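These notes concern the structure reproduced below.
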Amino acid sequence: MIRFITKKLLYGILVLLGVVILVFWVFQGFADPSRLVLGQTGDSATIANIKKELNLDQPKWKQFTLYLNDISPLSFSNKEEIERKKLKGFFIGGENKLAIKVPYLRTSYQNKRDVWDILLEALPLTILLAVAAMLFATVAGILLGVLAAVKQNTWMDSSAIFTSIVGISAPSFFMGILIAYVFGFLLSHFTGLHLTGSLYDYDVNGKTLQLKNLILPALTLGIRPLAIITQLTRSSMLDVLNQDYIRTAYAKGLSKRTVIWKHGLRNALNPVITAITGWFAELLAGAFFVEYIFGWKGIGKVTVDALENLDYPVVMGSVLLSALIFVLVNILADILYGVVDPRVRLK
Amino acid sequence: MPALLEIKNLQVDFVSDETRVTALKNISFTVDRGEIVAIVGESGSGKSVTSLSVLQLLPSPPAQFINGEILFTKNNNQTIDILKLPKEELQSIRGNEIAMIFQEPMTSLNPVYTCGNQVMEAILLHQKISKEKAKQKTIQLFEKVKLPDPSGIFNRYPHQLSGGQKQRVMIAMAMSCKPSLLIADEPTTALDVTVQKTILDLIKELQQQENMGVIFITHDLGVVAEIADRIMVMYKGEIVEQGTVEEIFKHPNHWYTKALLACRPALHAKGERLPTVADFELTENIVGSIQSAVDKTSSTTNYKLQTINQSTSFIKVENLNVWFPAKKTFLGKITDYVKAVNDVSFEVLKGETLGLVGESGCGKTTLGRTLLRLIEPTSGKIIFDGKNILTYSKEVLREMRKDIQIIFQDPYSSLNPRLTIGSAIAEPLKVHSVITKEQQRKDKVIELLEKVNLKAEHFNRYPHEFSGGQRQRICIARALALNPSFIVCDESVSALDVSVQAQVLNLLNDLKKEFGFTSIFISHDLSVVRYISDRIIVMNKGKIEEEGIADDIYHHPQKEYTKRLIHSIPKGIIPG
Numbered sequence: 001m002i003r004f005i006t007k008k009l010l011y012g013i014l015v016l017l018g019v020v021i022l023v024f025w026v027f028q029g030f031a032d033p034s035r036l037v038l039g040q041t042g043d044s045a046t047i048a049n050i051k052k053e054l055n056l057d058q059p060k061w062k063q064f065t066l067y068l069n070d071i072s073p074l075s076f077s078n079k080e081e082i083e084r085k086k087l088k089g090f091f092i093g094g095e096n097k098l099a100i101k102v103p104y105l106r107t108s109y110q111n112k113r114d115v116w117d118i119l120l121e122a123l124p125l126t127i128l129l130a131v132a133a134m135l136f137a138t139v140a141g142i143l144l145g146v147l148a149a150v151k152q153n154t155w156m157d158s159s160a161i162f163t164s165i166v167g168i169s170a171p172s173f174f175m176g177i178l179i180a181y182v183f184g185f186l187l188s189h190f191t192g193l194h195l196t197g198s199l200y201d202y203d204v205n206g207k208t209l210q211l212k213n214l215i216l217p218a219l220t221l222g223i224r225p226l227a228i229i230t231q232l233t234r235s236s237m238l239d240v241l242n243q244d245y246i247r248t249a250y251a252k253g254l255s256k257r258t259v260i261w262k263h264g265l266r267n268a269l270n271p272v273i274t275a276i277t278g279w280f281a282e283l284l285a286g287a288f289f290v291e292y293i294f295g296w297k298g299i300g301k302v303t304v305d306a307l308e309n310l311d312y313p314v315v316m317g318s319v320l321l322s323a324l325i326f327v328l329v330n331i332l333a334d335i336l337y338g339v340v341d342p343r344v345r346l347k
Numbered sequence: 348m349p350a351l352l353e354i355k356n357l358q359v360d361f362v363s364d365e366t367r368v369t370a371l372k373n374i375s376f377t378v379d380r381g382e383i384v385a386i387v388g389e390s391g392s393g394k395s396v397t398s399l400s401v402l403q404l405l406p407s408p409p410a411q412f413i414n415g416e417i418l419f420t421k422n423n424n425q426t427i428d429i430l431k432l433p434k435e436e437l438q439s440i441r442g443n444e445i446a447m448i449f450q451e452p453m454t455s456l457n458p459v460y461t462c463g464n465q466v467m468e469a470i471l472l473h474q475k476i477s478k479e480k481a482k483q484k485t486i487q488l489f490e491k492v493k494l495p496d497p498s499g500i501f502n503r504y505p506h507q508l509s510g511g512q513k514q515r516v517m518i519a520m521a522m523s524c525k526p527s528l529l530i531a532d533e534p535t536t537a538l539d540v541t542v543q544k545t546i547l548d549l550i551k552e553l554q555q556q557e558n559m560g561v562i563f564i565t566h567d568l569g570v571v572a573e574i575a576d577r578i579m580v581m582y583k584g585e586i587v588e589q590g591t592v593e594e595i596f597k598h599p600n601h602w603y604t605k606a607l608l609a610c611r612p613a614l615h616a617k618g619e620r621l622p623t624v625a626d627f628e629l630t631e632n633i634v635g636s637i638q639s640a641v642d643k644t645s646s647t648t649n650y651k652l653q654t655i656n657q658s659t660s661f662i663k664v665e666n667l668n669v670w671f672p673a674k675k676t677f678l679g680k681i682t683d684y685v686k687a688v689n690d691v692s693f694e695v696l697k698g699e700t701l702g703l704v705g706e707s708g709c710g711k712t713t714l715g716r717t718l719l720r721l722i723e724p725t726s727g728k729i730i731f732d733g734k735n736i737l738t739y740s741k742e743v744l745r746e747m748r749k750d751i752q753i754i755f756q757d758p759y760s761s762l763n764p765r766l767t768i769g770s771a772i773a774e775p776l777k778v779h780s781v782i783t784k785e786q787q788r789k790d791k792v793i794e795l796l797e798k799v800n801l802k803a804e805h806f807n808r809y810p811h812e813f814s815g816g817q818r819q820r821i822c823i824a825r826a827l828a829l830n831p832s833f834i835v836c837d838e839s840v841s842a843l844d845v846s847v848q849a850q851v852l853n854l855l856n857d858l859k860k861e862f863g864f865t866s867i868f869i870s871h872d873l874s875v876v877r878y879i880s881d882r883i884i885v886m887n888k889g890k891i892e893e894e895g896i897a898d899d900i901y902h903h904p905q906k907e908y909t910k911r912l913i914h915s916i917p918k919g920i921i922p923g
C-alpha cells in the first residue's frame with residue numbers, strides 16, 4: 001500500500017513538472033510583465049529595473065530554472081533572496097542555503113501580494129463550497145439512484161431519470177443565474193437568502209460569518225454531479241441487484257432493506273466513486289462561473305479576476321494548485337476503491 | 348406425521364406484457380426428513396423454478412403463483428403454507444429452517460465482505476447470541492465443511508478462495524442454523540469432477556449427521572446415482588417420472604428418462620453417435636419402441652481414425668512456456684512468475700482430435716489460447732505449416748488466423764448481444780475478404796446455419812433468442828465460416844446440459860467428418876474427452892502428466908493424477 005502511494009506520488013510529481021513546464025512557456029508569450037507591473041507610465045530606467053527584478057533580462061532557460069527553484073519545496077537560496085522573498089521553511093548552510101520551504105509562487109503584478117497568501121486565503125472557501133456541494137450531490141444522488149433502481153420502471157424511476165437528465169443538460173451559469181434570481185431575489189423574503197455574498201460579510205462591525213450564503217452556490221454546483229451520480233448509481237445498482245449474491249442474501253433471510261443497502265450498494269459504489277472524486281477535484285480547482293456569479297471569493301473567482309488583469313503569477317499559481325489537487329484527489333480515489341472493494345485492494 | 352415439505356398442484360406462470368408462459372404445471376411431491384430427493388431435468392424444465400418457489404426467491408413479476416400449496420412443517424410441528432406467509436415470517440424461515448446452496452459458487456458470495464462475515468451474518472440474524480460466539484460457531488462450521496485453515500478463511504474474501512472452497516463456504520452458510528430442509532440447486536455443475544466428488548460426499552455426510560431433508564437439483568443423472576434416495580425427472584414443467592434410484596436407473600418408463608440415461612458420452616464408444624432427446628421423442632411418437640431408437644442411432648455413424656500412426660505432424664509445440672508475472676519489485680522488475688504452461692512439448696497429428704484434460708488452473712486453457720497467439724508465450728516454439736508462428740508479424744498472423752479458429756466455453760458471453768447471428772457468422776468472411784459480395788456472404792451463412800442444424804430464418808435474430816445449445820452451434824458455425832484447418836474447442840460443451848451436450852458432440856463429429864479439420868478439444872471432463880478424442884494429453888500444474896491413445900488413458904491410466912480424475916467421474920451406475 002505504502003509502495004503504491006509512493007509510486008503514485010512520484011508519478012504525481014512528474015505530472016506537476018509537466019504542468020509547470022507548460023504553464024511557464026504558455027504564459028511567457030503574453031504581454032510584457034514589466035508593463036503590467038508598472039502600468040502605462042514609467043521611464044525606460046524603471047522598466048529596466050523591474051525587468052532585472054523579475055529576471056526578465058536573463059535567457060529563457062535561466063528564467064525557467066529560477067522559477068522552478070522558486071516553486072520547488074526543495075531548493076537553493078541565498079540569504080538575500082530569503083529575506084526579499086520572505087521564504088518560510090528550514091534552511092541549512094551558510095551564505096547559499098539548501099531550503100526545505102513553502103513553495104514561493106512570487107507576487108501579484110497587481111498588488112504585490114504574495115501569490116501563495118492570496119491562494120491560501122481563497123482555498124478554504126473553495127474547499128468549503130466544494131465539500132458542501134459534493135455532500136449534497138453524493139447523499140441525494142445515491143439516495144435517488146438507489147430508489148430509482150429498486151423501483152425500476154415505476155413513476156419514481158422515470159421522474160428521477162427525467163430530473164437528472166435536466167440536471168445534466170442545464171449549464172451551471174444558467175442554473176446559477178436562475179437559482180440566484182428565484183431564491184435570492186424573488187423568494188428572498190421567505191428564504192432570507194441574497195443574490196450574492198461570500199462566507200464573510202464586512203461592514204462597520206467588522207467581519208461576520210454568513211454561512212447561509214453557502215446554500216445557493218452549493219446547490220447550483222451540486223446539480224450536475226447530483227444528476228450524474230444518480231444515473232451512475234442507478235445503472236450500477238440495477239446490475240448488482242441481478243447478481244447471484246443478492247439472491248444468496250435473500251435466501252439467508254435478510255430483509256429487503258438490509259440486502260439493498262448492505263449487500264447491494266457497496267458493490268455498486270465503484271463507478272460512483274470515480275464520478276464523485278472526479279467532480280470533487282474539479283470543484284476544488286475552482287468553480288469559475290458559480291463563484292463569479294455568486295461573488296464567492298474562492299479560487300475560481302481569484303483566477304477569473306487575475307485573468308482579467310493579466311496577473312500571470314496568480315493564474316500560474318492557481319493552475320499549479322489545481323494540478324496538485326487533481327493528483328492528490330486521484331490518489332485518494334485509488335485508496336477508496338480498495339476500501340470499498342477488496343478485489344482491487346493491493347497486496 | 349406430516350411430511351417435511353409437501354408441494355401440492357403447484358402452478359407457476361411467467362407473465363410479461365403480452366405473453367404468459369407456464370413454467371410449472373401442477374406438480375406435486377413430498378420430501379421427508381432424512382432423505383435426499385433429486386430433481387433431474389434440462390435447463391428450462393422447471394427444476395430451478397421449483398426450488399426457488401420453496402423459498403419464494405422468484406422475482407415477481409414476472410413470476411405468478413396460479414394455484415397450489417407449498418406446505419412446510421416447522422420444527423415445532425406446525426405446518427404452514429409458504430405461499431400464504433407474511434414477509435417477516437418468511438424471512439425467519441429462510442436460511443434458518445430452509446437453506447439453499449446455489450449453482451455458481453463464484454458469484455454466489457458477496458465479493459466485498461469476508462467469508463466469515465457472511466456466514467456470521469446468517470447466524471446473528473436467526474439466533475440470539477453474541478458476536479464473539481457467532482464467530483466461534485462460524486469457525487466450527489468451517490471445520491465441519493472441511494475447509495483448510497478455518498480461522499484464516501474467516502478473514503478472507505471470496506476472490507481469494509478456489510471454486511470448491513467457495514462452495515464449502517456456501518454450504519457452511521446454509522448449515523449455520525441447522526436447517527431441516529436443504530435445497531441444493533446444481534451445487535457441483537460449475538466445479539471440476541474431482542471437486543464435485545468431494546462436495547457430493549460432504550453434502551451426503553452432513554445430511555446424515557443432521558437428519559436433514561435435501562432437494563438436490565441437477566441436469567446430470569450420473570451425479571444423482573451416488574447421492575439421492577429418490578429421483579424425480581422433470582420435463583417442460585412437469586414431473587414425468589419419479590421413483591427410487593434403482594427403479595429409475597434399472598427400469599425407466601418415460602422416454603425422456605431413457606434419453607437422459609442414454610445420452611451420456613461415458614457409455615458410448617469413441618465416435619459412436621450419441622442418442623439425443625430428440626431421437627427418443629421421435630421414436631416415442633412414431634414407433635413407440637425405444638430399443639429401435641437406440642439401435643438406429645448408434646449404428647448410423649461409426650467412423651474410426653485408424654490412420655493416426657501414419658499421420659503427419661500438423662502442429663508441433665516445443666518447450667513452450669507461458670509465464671505470468673506474480674511479483675514485481677518497486678521499479679517493475681519481475682521477481683516471481685506463475686508458470687501457467689511450463690516447458691510443454693507435444694504434437695498434433697493431421698486430422699486427429701487431441702483431447703486436453705486437467706482440473707481448472709492446470710494451464711489447459713492458457714495453452715489452447717497460446718496456440719492461436721491470443722496469449723503471447725514467454726518462450727518456446729509453435730510450428731505450424733513448417734514455420735514457427737511465434738516469429739510471425741502482425742499481418743502474417745492475421746492471415747494465419749483464417750486457418751485457426753476457436754470455440755469458447757460460454758456460449759452466453761462469446762456472442763456479441765448487439766449483432767444478429769447472421770452478421771456474427773458473416774463477420775470473419777468480411778474481415779478476411781473471403782467473400783466480398785453481400786448476397787453471396789448471406790448464402791454462405793445460411794448454408795453454415797443449416798450445417799449446424801439451424802434454419803435460414805434465424806439469420807436476422809439476436810443471440811438472446813436462442814438457448815445455450817443453439818448458441819454454441821452458432822459459435823461453431825462462426826468458427827467454420829473460414830473453413831479452417833485447425834479448431835480449438837475450449838470447454839465448448841462444459842456449460843451445456845448433458846442432453847444438449849450430446850447434440851453438440853454429435854454435430855462436432857459430423858462436421859469433422861465433412862470438413863476434415865484437425866482439432867484440440869479442451870475439457871475438465873475426461874469422459875467427454877475420451878469420447879471425442881483420438882489421443883489425450885493430461886495436464887497438471889502447467890506440465891504434461893500423461894499422453895496417449897484415448898481409450899488407453901481412460902481404461903489403463905498410468906499416473907496417480909489421471910487415476911484420480913477418472914475415479915471422480917460420476918459413473919451413473921448404482922452399486923449392486
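Top line first, the protein sequences correspond to chains U and X. Just so we're aligned, residue 1 is where the first sequence starts under my numbering, counting upward by one. Just so we're aligned, residue 348 is where the second sequence starts under my numbering, counting upward by one. Even for Gly, the Cβ is constructed at its ideal location relative to N, Cα and C. Computed from a prediction, not measured in an experiment: that's the story for all the values here.
The bridge partners DSSP lists for tryptophan 670 of chain X are X/Lys686. Across the structure, methionine 175 of chain U and threonine 220 of chain U are spaced so that their CA atoms are roughly 6 Å apart. Checking the DSSP bridge columns, you'll see methionine 581 of chain X partnered with X/Ile586.
In this structure, the straight-line span from the alpha carbon of lysine 605 of chain X to that of glutamate 451 of chain X is close to 28 Å.
Judged by DSSP secondary structure, asparagine 96 of chain U falls within the beta strand (DSSP E) whose first and last residues are 96 to 101. Non-local C-beta neighbours of lysine 544 of chain X in its own chain, meaning closer than 7 Å and more than five positions away in sequence, comprise Ser915, ordered along the chain.
Excluding sequence positions up to five before and after valine 580 of chain X, its CB lies within less than 6 Å of the CB of Val387, Val587, Glu588, Thr604, all in the same chain and listed in chain order. The Cβ-Cβ distance between asparagine 78 of chain U and glutamate 95 of chain U falls below 8 Å. Alanine 140 of chain U has a beta carbon lying at 8 Å or more from every beta carbon in chain X. Phe677: these are the residues of the stretch 674 to 705 of chain X whose beta carbon lies less than 8 Å from some beta carbon of chain U, given in chain order. Scanning the stretch 699 to 727 of chain X from its first residue to its last, the whole alpha helix (DSSP H) runs of 4-plus residues come out as 711 to 718. For tyrosine 250 of chain U, the nearest CB of chain X lies under 8 Å from its own CB, placing it at the interface with that chain. When C-beta atoms of the stretch 548 to 564 of chain X are compared with those of the stretch 368 to 375 of chain X, fewer than three pairs fall below 8 Å, so the two segments do not count as touching. With fewer than three CB-CB distances shorter than 8 Å, the stretch 743 to 751 of chain X does not count as touching the stretch 784 to 799 of chain X. Taken in chain order, the members of the stretch 252 to 265 of chain U whose beta-carbon sits within less than 7 Å of a beta-carbon on chain X are Lys252, Gly253, Leu254, Ser255, His263.
Your pair glycine 145 of chain U and leucine 232 of chain U checks out as a contact, with CB atoms roughly 7 Å apart and the cut at 8 Å. The residues His473, Cys524, in chain order, have a CB closer than 6 Å to that of asparagine 443 of chain X in the same chain once the five nearest residues on each side in sequence are set aside. Taking 8 Å as the CB threshold, proline 458 of chain X lines the interface with chain U.
Per DSSP, the beta bridge partners of serine 870 of chain X are X/Val704.
Not one beta carbon of chain X lies nearer than 8 Å to the beta carbon of valine 19 of chain U.
Look at the stretch 44 to 101 of chain U and you find these whole runs of beta strand (DSSP E), each 3 residues long or longer: 74 to 78, 89 to 92, 96 to 101.
The Cβ of leucine 352 of chain X sits no closer than 8 Å to any Cβ of chain U. Within the model, the alpha-carbon separation for asparagine 356 of chain X versus asparagine 414 of chain X is close to 7 Å.
For the stretch 412 to 441 of chain X, the residues whose beta carbon sits under 9 Å from a beta carbon of chain U are, in order, Lys434, Glu435, Leu437, Gln438, Ser439, Ile440, Arg441. The stretch 187 to 256 of chain U is shown to contain whole alpha helix (DSSP H) runs of 4 or more residues at 188 to 191, 215 to 241, 244 to 252, in chain order. 8 Å or more divides the Cβ of isoleucine 662 of chain X from the Cβ of phenylalanine 813 of chain X. Interface flag for alanine 537 of chain X against chain U is unset, since no Cβ pair is found closer than 8 Å. Taking a cut-off of 8 Å on C-beta distances, the stretch 273 to 287 of chain U touches the stretch 321 to 339 of chain U, as three or more cross pairs fall below it.
In this structure, DSSP gives glutamine 358 of chain X an extended state, which the three-state scheme calls strand.
Cα atoms of threonine 277 of chain U and valine 329 of chain U: separation of roughly 6 Å, rounded to the nearest angstrom. Shown here for leucine 471 of chain X: same chain residues with a beta carbon closer than 6 Å to its own, the five before and five after excluded, namely Ala481 in chain order. The continuous beta strand (DSSP E) containing phenylalanine 412 of chain X extends over residues 410 to 420. At the C-beta level, isoleucine 564 of chain X and serine 398 of chain X come within 8 Å of one another. If you draw a straight line from the Cα of serine 477 of chain X to the Cα of glutamine 483 of chain X, it is about 10 Å long. Relative to tryptophan 279 of chain U, the option among U/Pro217, U/Gly300, U/Lys97, U/Ala137 whose CA is nearest is U/Ala137.
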